[in-house]
Structure formats: structure tokens, C-alpha cells
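Below is one structure; the comments refer to it alone.
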Amino acid sequence: MAIKALADRISTEINVPSDQAKDIRSAAVTLLLVIMMIILYTFKGYLTVKRLNTAFIVNKLIVMLCF
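Per our numbering, the sequence shown starts with residue 59, numbered consecutively.
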């Protein structure tokens, strides 16, 4: 939700057409997911299976909220 608001604000500030605003939004979400996946796989040894599953569920919720 915060990423969507940030992308909308950036697109209105620099007068980006709505098609490009969607591209900016999807790029921001993708970057966030990549960072979260890197963090998850880095600390996978320290996380239990239950916590890892919870993290993936949270990831899916973030994706659903942003689109």
C-alpha cells in the first residue's frame, strides 16, 4: 500500500502518464520482493519452517495489496 502511494506520488510529481506509473509501481514491488527473498534465503538456516511459511504468506499479501 505504501509502495503504491509512493509510486502514485512520484508519477504525479513528475507528470508521468498512467501506463508508465504502473510500470514504476510494478518495478518497485518487484524490487521489494527481490530484497525480501534475498533476506529470507540468507537467514533461512536461522528460521524455522513455520516462520518461513509465514514470511511467504506475508509476501503474497504485500503483492495482493500493491496491485
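Glycine residues also receive a C-beta, built at the ideal position from the N, C-alpha and C atoms.
Whether residue i touches residue j by CB criterion (7 Å)
i, j, result
"residue 98", "residue 86", "no"
Residues near residue i in its chain [Cβ-Cβ closer than 6 Å; skip 5 each side]
i, result
"residue 88", "none"
Contact set for residue i: own chain, Cβ-Cβ below 7 Å, skip 5 residues either direction
i, result
"residue 94", "117"
Own chain, CB closer than 8 Å to residue i, minus 5 neighbours either side, in chain order
i, result
"residue 121", "87, 91"
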